[in-house]
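Scroll down for the structure; my scribbles are underneath it.
2 protein chains.
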Amino acid sequence: MTNPTAAILIIGDEILSGRTRDANMHHLAGELCRMGIDLREARFVADDHGAIVAALNALRGTHDHVFTSGGIGPTHDDITADAVAAAFGLPLDVRDDARALLAAHYDRQGLEFNAARQRMARIPEGAALIDNPVSIAPGFSLGNVHVMAGVPSIFQAMVASLLPRLTGGRPLLSQTLRINRGEGVIAAPLGALAAEFADLSFGSYPFIQNGAYGANVVIRGTEAARLDLAVARLAALFPESGT
Amino acid sequence: MTNPTAAILIIGDEILSGRTRDANMHHLAGELCRMGIDLREARFVADDHGAIVAALNALRGTHDHVFTSGGIGPTHDDITADAVAAAFGLPLDVRDDARALLAAHYDRQGLEFNAARQRMARIPEGAALIDNPVSIAPGFSLGNVHVMAGVPSIFQAMVASLLPRLTGGRPLLSQTLRINRGEGVIAAPLGALAAEFADLSFGSYPFIQNGAYGANVVIRGTEAARLDLAVARLAALFPESGT
Chain W
49 MTNPTAAILI
59 IGDEILSGRT
69 RDANMHHLAG
79 ELCRMGIDLR
89 EARFVADDHG
99 AIVAALNALR
109 GTHDHVFTSG
119 GIGPTHDDIT
129 ADAVAAAFGL
139 PLDVRDDARA
149 LLAAHYDRQG
159 LEFNAARQRM
169 ARIPEGAALI
179 DNPVSIAPGF
189 SLGNVHVMAG
199 VPSIFQAMVA
209 SLLPRLTGGR
219 PLLSQTLRIN
229 RGEGVIAAPL
239 GALAAEFADL
249 SFGSYPFIQN
259 GAYGANVVIR
269 GTEAARLDLA
279 VARLAALFPE
289 SGT
Chain X
49 MTNPTAAILI
59 IGDEILSGRT
69 RDANMHHLAG
79 ELCRMGIDLR
89 EARFVADDHG
99 AIVAALNALR
109 GTHDHVFTSG
119 GIGPTHDDIT
129 ADAVAAAFGL
139 PLDVRDDARA
149 LLAAHYDRQG
159 LEFNAARQRM
169 ARIPEGAALI
179 DNPVSIAPGF
189 SLGNVHVMAG
199 VPSIFQAMVA
209 SLLPRLTGGR
219 PLLSQTLRIN
229 RGEGVIAAPL
239 GALAAEFADL
249 SFGSYPFIQN
259 GAYGANVVIR
269 GTEAARLDLA
279 VARLAALFPE
289 SGT
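Chains as they are written, first to last, in the numbering used here: chain W, 49 to 291; chain X, 49 to 291.
Right, here's the structure in full:
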């Protein structure tokens, strides 16, 4: 049995312009790894209808799940719901259940439920709402596409609402060995070990620290005993290494 | 005259697994913005030959430049050069100029120029080398694809070597106005202003701070005077805002 696969689509100009650094991909990647859903790809696209639709259609056809972040607020540049509806060829309109949630929320706060805020109740036909305990305006799941907000605290709350609904696989375990030798020295014995332990994956992530070369070798797999064995074998090859 | 467009392809399992956070996309995004190359898309794929080839071929056909990061070291999981050669249908072999650079480097350090290190001299036919002042092993440009290392300090040095060779456009200027009101209040006047200043782009990036909602409105364009005018108009609408 193989694990479900996933892709993340981050929507918005702010990361592509270099203005801000991604936090949402990093958060969701860790959560998916823990529940045994294999994140295979991430894409960042601008607030561009055609680009969002194309990415959605490419990703939802090739992965079990697609998670999106960004573009579901009340402003003119929030166009994700429109793009998702277009990608699926489904109508998009204000939906009663989403409108009721938001109306009650703004009523409690004594704020006007104006046209901009009502935009956030537009949900593609047939979608299931994703709970937003932070600011109420819901995300939604349509088929295998899960649409969430871009503000990190809201994104994380929506991920926490959504993930228990999904079926995971076997969590991918990992162990890291830090080897204070250049990759040029590590490469041959590591390659031989990777070939011998073909059920595990071996990644070598080099670093330079205080002018000295080293690498973190990350071994991943689903069987703890196999990981332990592989790490012990690698550590024996490089006695100066440490976990 | 429109600016050249670009995409970034980040190759490797370490970010998709949630283990590390991207630094290279963030760095290059800022550099490209300053030189007037419009970054339209970023993709992260695993160390998977088919996934890398597919992404390269999709991106190089739709953007003026594709910048890659990762997978050009000496270990078994470094497969980017092979994937680039395959994407272009060109042969890949150890090349004399790259080999000579590396041989001299390891000779100076008194290190063996072993088979793993010689792997880093494999360059697709017809590529131009990208200088690596940090660890010598070069990147390369093949057509509109620029292949660089994943270690952030080396990536940044290669970017500094490469960018002066490329033709930029008009730098995209931006100004940010922080508005301490919820987006639901900002949306309508902001949308009207964005429609009036159709030569500029207006992004609204909401935040929650100490339980209060606000948004950074980022206005982008190439004409400083137009930006100044738009920011002044927006600030007049929201007197509690600040830059």
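All C-beta atoms, glycine included, are put in the ideal place defined by N, C-alpha and C.
None of the values given here were measured: they were computed from a predicted structure.
Exercise for review: Use the C-beta contact count for R268 (chain W): other C-beta atoms within 10 angstroms, 16 or more gives buried, fewer gives exposed.
Suggested key: One-based indexing of the first sequence puts residue 268 (chain W) at position 220. R268 (chain W) is buried by the Cβ-count criterion.
Exercise for review: Measuring only between beta-carbons, confirm whether G66 (chain X) sits less than 7 Å from chain W.
Suggested key: For the purposes of this step, residue 66 (chain X) is taken as residue 18 along the second sequence, with counting starting at 1. It does: the Cβ of G66 (chain X) has a partner Cβ on chain W nearer than 7 Å.
Practice item. State the DSSP-derived secondary structure class of S117 (chain W), mapped to helix, strand or coil. Key: As a working note, residue 117 (chain W) is residue 69 in the first sequence. Looking at S117 (chain W) - three-state DSSP - the assignment turns out to be strand.
Point to revise | Continuous alpha helix (DSSP H) assignments of at least 4 residues falling wholly in the region 62-96 of chain W | key: 72-83
Check your understanding: Applying a beta-carbon distance threshold of less than 9 Å, which residues of chain X neighbour V114 (chain W)?
Key -> Counted from its first residue, the first sequence places residue 114 (chain W) at position 66. Here the premise fails: no neighbours, minimum Cβ distance about 14 Å.
Review point. Among all the DSSP beta bridges, which residues are the ones paired with A55 (chain W)?
Key: Start at 1 with the first residue of the first sequence, and residue 55 (chain W) comes out as number 7. A55 (chain W) pairs with W:E89, W:V114.
Point to revise | Under 7 Å between C-beta atoms of R165 (chain W) and G232 (chain X) | key: Counted from its first residue, the first sequence places residue 165 (chain W) at position 117. Counted from its first residue, the second sequence places residue 232 (chain X) at position 184. It is a contact, given that the beta carbons lie within the stated cut-off.
Review point. What residues in the region 88-101 of chain X bring their beta carbon closer than 9 Å to a beta carbon of chain W?
Key: R88, E89, A90, R91, F92, V93, A94, D95, D96, A99
Exercise for review: List the endpoints of the continuous beta strand (DSSP E) containing G239 (chain W).
Suggested key: Taking the first sequence and counting its residues from 1, the one referred to as residue 239 (chain W) is at position 191. Taken as a continuous stretch (DSSP letters only), G239 (chain W) belongs to no beta strand (DSSP E), being part of the alpha helix (DSSP H) at 231-244.
**Study point:** Residue nearest to G290 (chain X) in terms of C-alpha spacing, selected from X:E271, X:A273, X:V266
**Key:** Looking up residue 290 (chain X) in the second sequence gives position 242. Nearest of X:E271, X:A273, X:V266 to G290 (chain X), Cα basis: X:V266.
Exercise for review: Keeping to the same chain, check which residues put their C-beta closer than 6 Å to that of I171 (chain W); ignore five residues upstream and five downstream.
Suggested key: As a working mapping, residue 171 (chain W) is identified with position 123 in the first sequence. Once the five neighbours on either side are set aside, the close Cβ partners of I171 (chain W) are R143, A146, F188.
Check your understanding: Under a CB-based cut-off of 7 Å, is V20 (chain W) close to chain X?
Key -> The structure shown does not extend to residue 20 (chain W), since chain W is modelled only from 49 through 291, so no value can be given for it.
Check your understanding: Below 8 Å, can you find three or more Cβ-Cβ pairs linking the region 123-134 of chain X to the region 236-248 of chain W?
Key -> yes
Point to revise | Whole-angstrom distance between I202 (chain W) and Q157 (chain X), CA atom to CA atom | key: Reading the second sequence from its first residue, position 109 is the one you call residue 157 (chain X). Reading the first sequence from its first residue, position 154 is the one you call residue 202 (chain W). For Q157 (chain X) and I202 (chain W), the distance between alpha carbons rounds to 51 Å.
Point to revise | Limits of the alpha helix (DSSP H) - the one that S201 (chain W) falls within | key: The count along the first sequence starts at 1 and reaches residue 201 (chain W) at position 153. Per DSSP, S201 (chain W) belongs to the alpha helix (DSSP H) from 200-210.
Check your understanding: Are the C-beta of R147 (chain X) and some C-beta of chain W separated by less than 7 Å?
Key -> Start at 1 with the first residue of the second sequence, and residue 147 (chain X) comes out as number 99. Chain W contact via Cβ: absent.
Practice item. For E288 (chain X), decide whether its Cβ has a neighbour in chain W, counting only Cβ atoms nearer than 7 Å. Key: Along the second sequence, read from residue 1 onward, the residue named residue 288 (chain X) stands at position 240. For E288 (chain X), the answer is no, since every Cβ of chain W falls outside 7 Å of its Cβ.
Check your understanding: Which first and last residues belong to the beta strand (DSSP E) in which D268 (chain X) is found?
Key -> Indexing the second sequence from 1 puts residue 268 (chain X) at position 220. In the sequence under discussion, the amino acid at residue 268 (chain X) is Arg, which differs from the Asp named in the question. 260-269 is the extent of the beta strand (DSSP E) around R268 (chain X).
Exercise for review: Throw me the rounded Cβ distance for the I56 (chain W) and M73 (chain W) pair, which I believe falls under 8 Å.
Suggested key: The residue labelled residue 56 (chain W) in the question sits at position 8 within the first sequence. The residue labelled residue 73 (chain W) in the question sits at position 25 within the first sequence. Correct: roughly 5 Å between the Cβ atoms.
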